[in-house]
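Engineer: Provided herewith is a single structure, encoded as structure tokens, for subsequent inquiry.
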Amino acid sequence: MVKMKLIKKVGNEKELGTNNVTIVYADRQCFERLRCKIITEDGKEIIVNLRGISLNDGDIFETDEGKLVLIKRKPEEVIAFSLNDLSEAFKLGFELGNMHMRVMLRNNEVIIPTDMGKELLLEKLKEHQPYTKKEVFIPNLEPTVVMINF
Numbered sequence: 001m002v003k004m005k006l007i008k009k010v011g012n013e014k015e016l017g018t019n020n021v022t023i024v025y026a027d028r029q030c031f032e033r034l035r036c037k038i039i040t041e042d043g044k045e046i047i048v049n050l051r052g053i054s055l056n057d058g059d060i061f062e063t064d065e066g067k068l069v070l071i072k073r074k075p076e077e078v079i080a081f082s083l084n085d086l087s088e089a090f091k092l093g094f095e096l097g098n099m100h101m102r103v104m105l106r107n108n109e110v111i112i113p114t115d116m117g118k119e120l121l122l123e124k125l126k127e128h129q130p131y132t133k134k135e136v137f138i139p140n141l142e143p144t145v146v147m148i149n150f
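In terms of the UniProt record's numbering, the sequence shown opens at residue 1 and continues consecutively.
Right, dumping it as structure tokens:
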């Protein structure tokens with residue numbers, strides 16, 4: 001298998017477009033850890049090891065072979081909840097907070113990853129009418145860390 005390494009970020013798809021680039025899809029863990037391997041459609045392996053460099057959806061990198069690679073976030077299965085009632089929204093927020101869940105809030109919908117186990121979460125949160133769907137999960141709400149000194 002042919003291996004390529006990303007060597008430098010050259011921009012993003014909004015600035016540079018998508019002409020003459022190889023588009024690859026990486027999972028959320030790759031975006032968070034900045035270290036992973038991605039297999040292209042033609043079977044090449046791209047090694048992502050980005051110490052000190054941020055990785056955002058749509059970033060374009062140059063490889064050690066001189067090729068341009070556009071990295072997009074891969075949709076994943078998530079659990080979603082519609083927020084139609086204030087008291088139910090508060091109860092859901094309380095439960096998700098107790099689980100220290102990372103959350104994506106968009107319009108009147110709360111979206112969580114299935115990292116803790118899809119079936120477990122669906123069962124535990126069934127009173128809130130959860131449903132599953134595929135979506136790019138980008139958390140925009142995280143539990144606040146409180147440090148208490150004694």
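Cβ coordinates follow ideal geometry from the N, Cα and C atoms, glycine included.
Taking the runs of the alpha helix (DSSP H) that are 4 residues or longer, which of them lie wholly in the UniProt domain "UreE urease accessory N-terminal" (9 to 69)?
Structural biologist: 13 to 16, 28 to 33, all fully within the UniProt domain "UreE urease accessory N-terminal" (9 to 69).
Engineer: Short of 8 Å in beta carbon distance, which residues of its chain neighbour Asn84, apart from the five on each side in sequence? Order them along the chain.
Structural biologist: Correct list, in chain order: Asn108.
Engineer: Measuring only the C-alpha atoms, how far is Leu68 from Ala26?
Structural biologist: For Leu68 and Ala26, the distance between alpha carbons rounds to 16 Å.
Engineer: Under the DSSP definition of a beta bridge, which residues are partnered with Thr132?
Structural biologist: Note: Thr132 sits in a beta bridge opposite Ile79.
Engineer: Less than 8 Å separating the beta-carbons of Glu13 and Leu70?
Structural biologist: Yes; because the gap between Cβ atoms is below 8 Å, this pair is in contact.
Engineer: Please report the residue range of the alpha helix (DSSP H) in which Leu92 lies.
Structural biologist: Segment 86 to 98, the alpha helix (DSSP H) holding Leu92.
Engineer: Nearest CA to the CA of Ile111: which residue from Leu120, Lys126, Val136?
Structural biologist: That would be Val136, whose Cα lies nearest to the Cα of Ile111.
Engineer: Report yes if the CB atom of Lys118 is closer than 8 Å to the CB atom of Glu77, and no otherwise.
Structural biologist: In contact: Lys118 and Glu77 (Cβ atoms closer than 8 Å).
Engineer: What separation, rounded to the nearest whole angstrom, lies between the Cα atoms of Asp57 and Lys72?
Structural biologist: Answer to the nearest angstrom: the Cα atoms are 5 Å apart.
Engineer: Where Lys8 and Gln29 are concerned, what is the direct C-alpha to C-alpha distance, given to the nearest angstrom?
Structural biologist: Rounded to the nearest angstrom, the two C-alpha atoms are 20 Å apart.
Engineer: To the nearest angstrom, how far is it from the Cα of Ser87 to the Cα of His128?
Structural biologist: Their Cα atoms are separated by approximately 11 Å.
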